[in-house]
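If you want the working numbering, it's the position in the sequence shown, counting the first as 1, plus 1.
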Amino acid sequence: GAMQGGLPHGVGSLHLPSGTSFRGGFAFGRRQGPGRLALSTGENIQGTFDGTLVQGPGVIQLLQDGEMKGEFKDGRLHGPGEYRNEDGMVYKGDFRHGQMHG
2 GAMQGGLPHG VGSLHLPSGT SFRGGFAFGR RQGPGRLALS TGENIQGTFD
52 GTLVQGPGVI QLLQDGEMKG EFKDGRLHGP GEYRNEDGMV YKGDFRHGQM
102 HG
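Listed below in structure tokens is the structure:
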């Protein structure tokens, strides 16, 4: 991707030595806009980024616990969402600060 002032700027990808990678938008070195973050732990986060956090609609694929999708605020499910675990349990409803609520 493009660089500005020595920092990633625009659409591109970043691969870290830890194995974590990000593909999406950057603004002066910060993740900004739509993108996908693949963590070295095997978890994947897709959504709209504002720095290090997902804001708005997104999906987190957890390594051993299944998948969480819905509305994110400050990197946590907040509002309507869905959680599915590997055992087939499904929760659809409200979340508050990353916790099932309701």
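All C-beta atoms in this analysis are idealised placements derived from N, C-alpha and C, irrespective of residue type, glycine included.
Is the distance from the Cβ of LEU54 to the Cβ of GLY76 below 8 Å? Yes, Cβ-Cβ distance for LEU54 and GLY76 is below 8 Å.
Based on Cα-Cα distance, which residue from GLY43, PRO81, GLN5 lies nearest to GLY103? The shortest C-alpha separation from GLY103 is found at PRO81.
Would you decide whether GLN47 is buried or exposed? Buried here means 16 or more other CB atoms lie within 10 Å of its CB. So GLN47 ends up on the buried side.
For ALA3, the first and last residue of its enclosing beta strand (DSSP E): Segment: none, ALA3 is in no beta strand (DSSP E) and carries neither H nor E.
Let's test the definition: count the other Cβ atoms within 10 Å of the Cβ of LEU17 and tell me whether it reaches 16, buried, or not, exposed. Exposed, by the Cβ-count rule.
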